[in-house]
Amino acid sequence: MKNRIKEFKKRMAPRIEELQFTIDKIKQSPLTLVALFIILFFVFIAIFAPYLAPPKGSDPYMMPNYGYSATPSPPSEEAVFGTTQQQYDLYYGCIWGARTAFKLATPVLGLVFLIGTGLGLISGYYGGIIDEIIMRSVDTVFAFPYIILAVTLVIALGQGLSSMIIALTVAYWPFYARVMRGEVLKQKEKDYVKAAESLGASDARIMIKHIVPNSIYPVLILASLDFGAIVIAGATLSFFGIGFPIGYSSWGQLASFARDWVSLNYWWATVIPGLFISIFVLGWNLLGDSIRDVMDPTIRRE
Numbered sequence: 006m007k008n009r010i011k012e013f014k015k016r017m018a019p020r021i022e023e024l025q026f027t028i029d030k031i032k033q034s035p036l037t038l039v040a041l042f043i044i045l046f047f048v049f050i051a052i053f054a055p056y057l058a059p060p061k062g063s064d065p066y067m068m069p070n071y072g073y074s075a076t077p078s079p080p081s082e083e084a085v086f087g088t089t090q091q092q093y094d095l096y097y098g099c100i101w102g103a104r105t106a107f108k109l110a111t112p113v114l115g116l117v118f119l120i121g122t123g124l125g126l127i128s129g130y131y132g133g134i135i136d137e138i139i140m141r142s143v144d145t146v147f148a149f150p151y152i153i154l155a156v157t158l159v160i161a162l163g164q165g166l167s168s169m170i171i172a173l174t175v176a177y178w179p180f181y182a183r184v185m186r187g188e189v190l191k192q193k194e195k196d197y198v199k200a201a202e203s204l205g206a207s208d209a210r211i212m213i214k215h216i217v218p219n220s221i222y223p224v225l226i227l228a229s230l231d232f233g234a235i236v237i238a239g240a241t242l243s244f245f246g247i248g249f250p251i252g253y254s255s256w257g258q259l260a261s262f263a264r265d266w267v268s269l270n271y272w273w274a275t276v277i278p279g280l281f282i283s284i285f286v287l288g289w290n291l292l293g294d295s296i297r298d299v300m301d302p303t304i305r306r307e
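Each residue of the sequence shown is one higher than the one before, counting from 6 in the numbering used here.
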C-alpha cells in the first residue's frame, strides 16, 4: 500500500509542480485578478439575487412594475435605479438579469465546447470523408451571419430560454470545430504522436491523452471570450423583442426599453443596463487574455 502511495505521489509530482507554477503566474498577473474580481462579483449577484432583489410575484424573473406610464421615472426609494418605460424596476431587472446571463451563456458555452471540440478533434484526426462531411457542415453554418441565423431559429422555435440556447448553440459550435481541427492537424504530425502510434496506442488514447491536452488552449481562450459574446448575442435577441417575453429580467430587454429615451434627462435608463453589460463582457475578455498568458505552453515560460 505504501509503495502504491509513493508511486502515485511520484507520478503526480510533475502535475503538482505545473499547477503551482500556474497559480504563481495567476498571482503575478494583474489582468487575471481584475478579471476574476469582475466575474466573481457578477457570480455573487446571480447567486444572491433573491436576497438583493426579493421576488414580488410567482415568477422571480419577471420585473415588477409600478404603473403604466410610458416615461421612465428617476431613481427613488421604491426603485433604486429608477424605472424603464412602462415603469419596470431597473434595479430588479439588472440584478436578476445577471442570473439570466449565466443561465443562458453557461449551457450554450458547454454545448458548443463539447460539440465543436469533439467534432473538430474527430475531423482533424481521421481526415478523409469524415473531415469532409464535418467541414462542409461547418461551411454551411458559416454561410449565414451567426446573429441572423440565431434570429431565424428563435423566431421558428418561439420565445424563451430553451429556444435561445438551441439557436446560439447552432450558431456558435462551428467556431470551436474549426479551431480544434486546426490544432489537431498540427499536433498529429509531431513526433510524440508518431511514437504513441508505433507503440500500438489506440486512437482514443492518442486523441484524449496526447492530442487534446496540447490542442485545447486556443479553444479555452475562445470559450472565455465567447462567454461575454454569447451574453451580448442573447441581449441582441432580447433587444429585437424575440428573446424573452416582455418584462423578463434581461439586460438586452432593458436596453430595448431605453432605445426611445437616449437623453441626458433619462440617463439611468440607458447608462445603468449598459454598464452591467459592458463590465460583464470586459471581465470575460480580460480572462481570455490572461488564460492565454498563463496557460498557453508556447508563451507561459517566457
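Even for Gly, the Cβ is constructed at its ideal location relative to N, Cα and C.
Computed from a predicted model, the values in this text were never measured in an experiment.
Where residue i sits in the DSSP three-state scheme
i: ARG306; result: Residue confidence is low: ARG306 scores 48 on pLDDT, short of 50, so the model does not pin down where it sits. Its coordinate-derived value is still stated next. Correct three-state label for ARG306: coil.
i: ASP94; result: strand
i: MET68; result: coil
i: GLY163; result: coil
i: SER283; result: helix
i: SER34; result: coil
i: ALA148; result: coil
i: TRP266; result: coil
i: ALA206; result: coil
i: ILE221; result: coil
i: PRO278; result: helix
i: PRO60; result: coil
i: SER74; result: coil
i: LYS108; result: helix
i: GLN25; result: helix
i: LYS191; result: helix
i: GLY132; result: coil
Alpha helix (DSSP H) segment containing residue i, residue limits
i: LYS199; result: 196-203
i: SER2; result: Summary: the structure shown does not reach residue 2, with the chain confined to residues 6 through 307, and so no result is reported for it.
i: PHE249; result: Neither: PHE249 is in no alpha helix (DSSP H) and is coded neither H nor E.
i: ALA54; result: 54-57
Counterpart residues of residue i in DSSP-defined beta bridges
i: THR88; result: ASP94
When the options are compared against residue i, the one with the closest alpha-carbon
i: VAL189; options: ILE251, TRP101 and TYR222; result: TYR222
i: TYR96; options: LEU259, LEU291 and ARG297; result: LEU259
i: ARG186; options: GLU137, LYS199, THR145 and LEU162; result: GLU137
i: PRO173; options: LEU114, ILE50 and VAL48; result: One point to set straight first is that residue 173 is Leu, not Pro, in the sequence displayed. Taking only the C-alpha atoms, the option nearest LEU173 is LEU114.
i: LYS195; options: MET212, PHE180 and VAL184; result: MET212
i: PRO150; options: LEU227, ILE284, ALA238 and ALA206; result: ALA238
i: ALA84; options: THR76, PRO77, GLN90 and ASP94; result: ASP94
i: CYS99; options: SER81, GLN91, MET67 and SER128; result: MET67
i: TYR71; options: SER81, VAL146 and ILE43; result: SER81
i: VAL117; options: THR145, VAL184, ILE160 and VAL159; result: VAL184
i: VAL236; options: ILE226, PRO77 and MET169; result: MET169
i: PHE245; options: THR157, LYS214, PHE180 and GLU202; result: THR157
Contact belief for residue i with residue j at Cβ below 8 Å, rounded distance in angstroms
i: PRO69; j: LYS61; result: 5 Å
i: TRP178; j: GLY121; result: 4 Å
i: ALA228; j: ILE282; result: No, ALA228 and ILE282 are not in contact; Cβ-Cβ is about 19 Å, not under 8 Å.
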